[in-house]
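Report on the following structure.
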Amino acid sequence: MADEPKLQELDKLIAKGKEKGFLTYDEVNDALPSDIVSLDQLDDIMMLFGSMDIEVVDAAKAGRLPSEGASQAPDPEPDDDEPVEPRRIDLTPGPVGRTEDPVRLYLREMGRVSLLTREGEITLAKRIEEGKDESTRAILSTTLALDKIRAVRDDLRKDLVPIKDLVDYPEEEFTEEKEADLRRSVMRELGTVDRLLREREKVLDLARKLRAKAGGRKKRKGEPPWKKHEVAAQAKQVKALQTLRTLSLQ
184 MADEPKLQEL
194 DKLIAKGKEK
204 GFLTYDEVND
214 ALPSDIVSLD
224 QLDDIMMLFG
234 SMDIEVVDAA
244 KAGRLPSEGA
254 SQAPDPEPDD
264 DEPVEPRRID
274 LTPGPVGRTE
284 DPVRLYLREM
294 GRVSLLTREG
304 EITLAKRIEE
314 GKDESTRAIL
324 STTLALDKIR
334 AVRDDLRKDL
344 VPIKDLVDYP
354 EEEFTEEKEA
364 DLRRSVMREL
374 GTVDRLLRER
384 EKVLDLARKL
394 RAKAGGRKKR
404 KGEPPWKKHE
414 VAAQAKQVKA
424 LQTLRTLSLQ
């Protein structure tokens with residue numbers, strides 16, 4: 184069977200990794216070269232090592248890691264009568280690696296990136312969601328967004344665009360009745376977004392006028408008169424964003 188050699192080598196690697204607590208890139212690459220293991224399979228193997236707390240490191244770091252199965256013997260006490268020879272440094276060049284080997288390159292790149300923890304995944308997901316919201320808020324601040332929302336709403340009303348092309352909805356659940364209901368719902372919510380964004384622009388325009396009017400005057404104590412209008416405008420933008428979210432637009 185073609186997979187038996189791979190499984191045998193993998194079992195040996197796991198046993199060696201459990202014994203030492205780590206494996207080197209060279210050990211993994213030599214046992215599982217690219218001609219018998221694809222990059223997709225190697226990715227799964229690396230995840231397997233991670234779940235077993237087997238770290239994959241380069242040879243330099245491996246020299247600094249203690250093996251779990253080995254106990255460090257204490258250094259012998261120097262004899263005062265014996266002359267101490269200076270430690271010699273081995274400058275012999277090591278073997279040239281096969282840097283063109285895709286598996287070796289993959290392993291080296293993997294070693295530079297730490298695996299995400301569960302907390303890290305949650306943090307990353309939140310940052311992605313916050314980034315999406317920030318970009319959407321920026322888009323909603325433009326007149327182009329308002330024009331686009333109105334154009335889509337008009338196309339739906341005139342039946343120029345299928346609702347399936349706009350909304351992320353299970354294909355198998357589409358019926359003529361559901362499609363008609365969904366079309367009306369999307370048109371209604373887009374109308375709400377249109378109204379909220381138009382109201383936001385009016386409130387912001389009022390805030391700008393109040394700012395300009397108070398520009399040359401001495402500042403009064405307390406909150407400036409335009410502040411509450413800016414807060415109200417921001418609230419309308421947030422409401423428009425929340426409404427768009429409920430539509431699950433593609």
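By our numbering, the letter at position 159 of the sequence shown is numbered 342, and the numbering carries on one by one without gaps.
All C-beta atoms, glycine included, are put in the ideal place defined by N, C-alpha and C.
Distance check for Arg-301 and Lys-422, CA to CA, integer angstroms please. 31 Å
Helix, strand or coil: which one does DSSP assign to Leu-380? Leu-380 falls in the helix class under three-state DSSP.
So what does Leu-206 bridge to, in DSSP terms? Val-239
With DSSP run on the structure shown, which of helix, strand or coil describes Val-350? strand
With DSSP as the reference, label Leu-190 as helix, strand or coil. Here Leu-190 sits in helix by DSSP.
Three-pair Cβ contact test at 8 Å for the segment 403 to 419 versus the segment 348 to 368: no
I believe Leu-424 touches Asp-316 by the beta-carbon criterion, under 8 Å. Please report the beta-carbon distance rounded to the nearest angstrom. 7 Å
Which class does Asp-227 belong to by DSSP, given the choice of helix, strand or coil? helix
Comparing C-alpha positions only, which one of Arg-320, Ile-346, Arg-371, Asp-351 sits nearest to Glu-360? Ile-346
Flag this pair as yes or no: are the beta carbons of Ile-237 and Gly-200 separated by less than 8 Å? yes
Neighbourhood of Glu-372 by C-beta distance below 6 Å, restricted to the same chain and skipping five residues each side: Thr-426, Leu-430
Just tell me which of Ala-328, Glu-210, Lys-203 has its CA closest to the CA of Gln-420. Ala-328
Expressed to the nearest angstrom, what Euclidean distance is found between the alpha-carbon atoms of Val-414 and Met-235? Rounded to the nearest angstrom, the two C-alpha atoms are 52 Å apart.
Given that a residue counts as buried once 16 or more other Cβ atoms are within 10 Å of its Cβ, and exposed if not, what is Ala-390? buried
Own chain partners of Arg-394 with C-beta closer than 6 Å, once the 5 adjacent residues on each side are dropped: Trp-409
Sufficient close CB pairs (3 or more, under 8 Å) joining the segment 339 to 357 to the segment 382 to 389: no
So, for Leu-231: in the same chain, excluding its five sequence neighbours on each side, which residues have a beta-carbon less than 6 Å away from its beta-carbon? Same-chain partners within the cutoff: there are none.
Specify, as a first and last residue, the run of the alpha helix (DSSP H) that Val-335 falls within. 326 to 340
Might you give, ordered along the chain, the residues of its own chain that have their beta carbon closer than 7 Å to the beta carbon of Arg-333, omitting 5 neighbours on each side? Asp-377
Cβ-Cβ separation, Glu-192 to Leu-206 (assumed contact under 8 Å), whole Å: Not really, about 12 Å apart at Cβ, beyond 8 Å.
Excluding sequence positions up to five away, which residues of its chain have a Cβ less than 8 Å from the Cβ of Glu-362? Taken in chain order, the residues that qualify are Ile-346, Lys-347.
Less than 7 Å between the CB of Asp-330 and some heavy atom of the ligand SAH, yes or no? The ligand SAH is not part of the structure shown, which contains no ligands of any sort.
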